[in-house]
Every structure is written in structure tokens, then in C-alpha cells.
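Novice: Here it is, the structure, as C-alpha cells.
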Amino acid sequence: MIQLTNITKRFGNYPALHGIDLHIKKGEFIALLGPSGSGKTTLLRIIAGLEFQDSGKVLFDGKDVSDRNVADRNVGFVFQNYALFRHMTVCDNIAFGLTVKKRRNRPPRRAIRERAEELLRLVHL
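Going by the working numbering, the sequence shown opens with residue 259, and the numbers climb by one from there.
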């Protein structure tokens, strides 16, 4: 579960996000829709830990991760302008995020492969 409470983010004098509350249940798929500049990417970057909110809380499964960096949040992020590694298979590209984790946090190779294949099946590839 991901819960955002009263998220606020400013860039200089520009209020990118103000008082955002969001509750995403485990297994739920959502879409963020809005015009360019409405804060969608900023909100996703805050969830992933690539950006920090000025105020408010980010909770994963009830635990406050507001001050944790991207490496500690264990969140995947696909950018709008993606870059795939051309020398790697689709499965290897999907598995890449897990393969570069610190050794103590990295799952075994077989588990990484199984997870990547599971995700491919999810999108019928």
C-alpha cells in the first residue's frame, strides 16, 4: 500500500504540488492524468525517492519512508523517454534494476529471472 498525506512541493515560487493525498491499495493499478506541468512527474519522483517533498508524508505499507532515498525505497520507475539497453534482451532490461542492487540487498539470479519473467507474463510478452 502507498499512502501520501498532504504532500507539498515548491520549485522556487512555483507551487508544483499542494496538499496532495493519495491512497493506493496493494495490487491496485492507477493512472495519473493531467496537462503538462500539473505535477504528475513530480509526484511520481517523490514516491520513488528521486525527489523529496517539502512537507507531508510518504508511507509504504504503513511505514514512513519520507526521508528515505531512492535506493532504500525499492520502487521501480519507468521514465516517459525511456532508454533500453540495446545489447540486452527485454527480460534482461526488466531485470536490470534488481541486478544492480547492492549485493546484500540483491536477490539471487534465479529469483531475479523469475520476477522478470513474471512481469513479462503480466503484460503478455
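Where is the CB? At the ideal position from N, CA and C, for every residue including glycine. Treat the numbers as computed from the prediction; the structure is a model and nothing was measured.
According to the neighbour-count rule (16 or more other Cβ atoms, all chains shown, within 10 Å of its Cβ), is ILE282 buried or exposed?
Specialist: exposed
Novice: For the beta strand (DSSP E) that contains LEU275, what are its first and last residues?
Specialist: 272-282
Novice: Under 7 Å Cβ to Cβ from PRO365, same chain only, skipping five residues before and after it: list those, please.
Specialist: LEU356
Novice: Leaving aside the five residues before and after LEU317 along the sequence, list all residues of the same chain whose C-beta is less than 6 Å from its C-beta, in chain order.
Specialist: GLN261
Novice: What three-state label does DSSP hand ASN351 in the structure shown?
Specialist: helix
Novice: For the 8 Å Cβ check, are there 3 or more pairs between the region 290-301 and the region 320-328?
Specialist: no
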